[in-house]
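Quick note on the working numbering: the sequence shown kicks off at 5 and runs consecutively.
Heads up: the structure comes next, in structure tokens.
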Amino acid sequence: TFATIGFAPRVERGVLVGIGLAIAVHLYREMQVITPAERNHETLTVRPKGVMWFATVPQVERSVREELATERDLTSVVIDLSGVGRLDYSGAVALRRIIERMSAGGVRVVVAGIPPSASGAVRAELEGYESA
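Below, the structure is given as structure tokens:
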């Protein structure tokens, strides 16, 4: 509203400023994933919160790698997705690639709590890693 007043009589410029700000705020919020982790003996449990898509999965990977680097005796990682608001296919593909890299390094990885909103394609992509 302030931009429309400031750009008067060219109100459409103020509307475009508002649209641009709304897009910027939306993208900022979409890029934020909080990744709390807790350790229980030799298992690291990671509970990401936010939206998981290809651009935010590296934040989760970075968090797990930092924990694995400092705690060398960890043998398994549980990625609990129950706090994820949305998980799209691109995020699932990126997550699967990370899981495969950790598995190749000798770390057992389990995915838990895939959101009910996730499509069948997402579930198929993570098949074999999901816990019961």
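C-beta: ideal position from N, C-alpha, C; glycine also.
Q | DSSP state of residue 70 mapped onto helix, strand, coil | A | To locate residue 70, count along the sequence shown from 1; it is residue 66. Of the three classes helix, strand and coil, the one that applies to residue 70 here is helix, per DSSP.
**Q.** Counted within 10 angstroms of its Cβ, other Cβ atoms place residue 52 as buried (16 or more) or exposed
**A.** For this step, residue 52 is matched to residue 48 along the sequence shown. Buried, because 16 or more other Cβ atoms sit within 10 Å of the Cβ of residue 52.
Q) Roughly how many angstroms lie between the CA atoms of residue 79 and residue 72, to the nearest whole one? A) Start at 1 with the first residue of the sequence shown, and residue 79 comes out as number 75. Start at 1 with the first residue of the sequence shown, and residue 72 comes out as number 68. Their Cα atoms are separated by approximately 9 Å.
Q.
Here's a check: name, in chain order, each residue in its chain whose Cβ is nearer than 6 Å to the Cβ of residue 125, leaving out the five neighbours to either side.
A. Position 121 of the sequence shown, counting from 1, holds the residue named residue 125. Here the set comprises 93.
Q.
Using the three-state DSSP reduction, which class does residue 80 fall into: helix, strand or coil?
A. As a position in the sequence shown, residue 80 is number 76, starting the count at 1. In this structure, residue 80 counts as strand in the three-state DSSP scheme.
**Q.** Contact belief for residue 61 with residue 87 at Cβ below 8 Å, rounded distance in angstroms
**A.** Here residue 61 refers to the residue found at position 57 when the sequence shown is read from its first residue. Here residue 87 refers to the residue found at position 83 when the sequence shown is read from its first residue. Not a contact, Cβ separation roughly 15 Å.
Q. Residue 108 lies in the alpha helix (DSSP H); which residues open and close that run?
A. Stepping through the sequence shown from its first residue, residue 108 is reached at position 104. First-last of the alpha helix (DSSP H) with residue 108: 93 to 108.
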